[in-house]
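Structure record follows, encoded as structure tokens.
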Amino acid sequence: MKLTLIPERCIACGLCQTYSELFDYHDNGIVRFYDDPVELQREITETSDVLEAIKNCPTRALLKDRS
């Protein structure tokens with residue numbers, strides 16, 4: 011699946027990182043991928059931990075492409 015991060019929506023609550031190790035944070039607390047501070051979109055394997063992070067993001071800063 012394609013996953014997109016939308017930093018402008020992120021409120022730095024930390025939920026996504028508690029659900030999945032795929033996510034980390036910049037110094038200001040805004041979401042990023044754990045291994046790339048610049049990338050905002052990537053193809054990933056759909057796993058339950060990532061789906062939980064997407065589902066529980068209160069601002070919808072994590073978007074799963076449904077195509």
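Note that the numbering used here has the sequence shown beginning at 11, numbered continuously upward.
Just so you know, even glycine gets a beta-carbon here, dropped at the ideal spot from N, CA and C.
No experiment lies behind these values; they were computed from the predicted model shown.
Could you check if residue i is buried or exposed, using at least 16 other CB atoms within 10 Å of its CB as the buried criterion?
{"i": "Y44", "result": "exposed"}
{"i": "L15", "result": "buried"}
{"i": "V48", "result": "exposed"}
{"i": "S30", "result": "buried"}
When you compare each of the options to residue i by their alpha carbons, which one comes out closest?
{"i": "C67", "options": "E18, L13 and G24", "result": "G24"}
{"i": "I54", "options": "L32, P17 and E18", "result": "L32"}
{"i": "Q51", "options": "S58, T28 and R42", "result": "R42"}
{"i": "A22", "options": "R70, D75 and R76", "result": "R70"}
{"i": "V60", "options": "T28, D37 and P17", "result": "T28"}
My understanding is that residue i touches residue j, with C-beta atoms under 8 angstroms, so please give their C-beta distance in whole angstroms.
{"i": "C26", "j": "I40", "result": "Not really, about 11 angstroms apart at Cβ, beyond 8 angstroms."}
{"i": "M11", "j": "E62", "result": "Contact flag wrong, Cβ pair sits at about 14 angstroms."}
{"i": "L13", "j": "K74", "result": "6 angstroms"}
Who are residue i's beta bridge partners in DSSP?
{"i": "K74", "result": "L13"}
Whole runs of the alpha helix (DSSP H) within the stretch 15 to 54, excluding any shorter than 4 residues: 25 to 29
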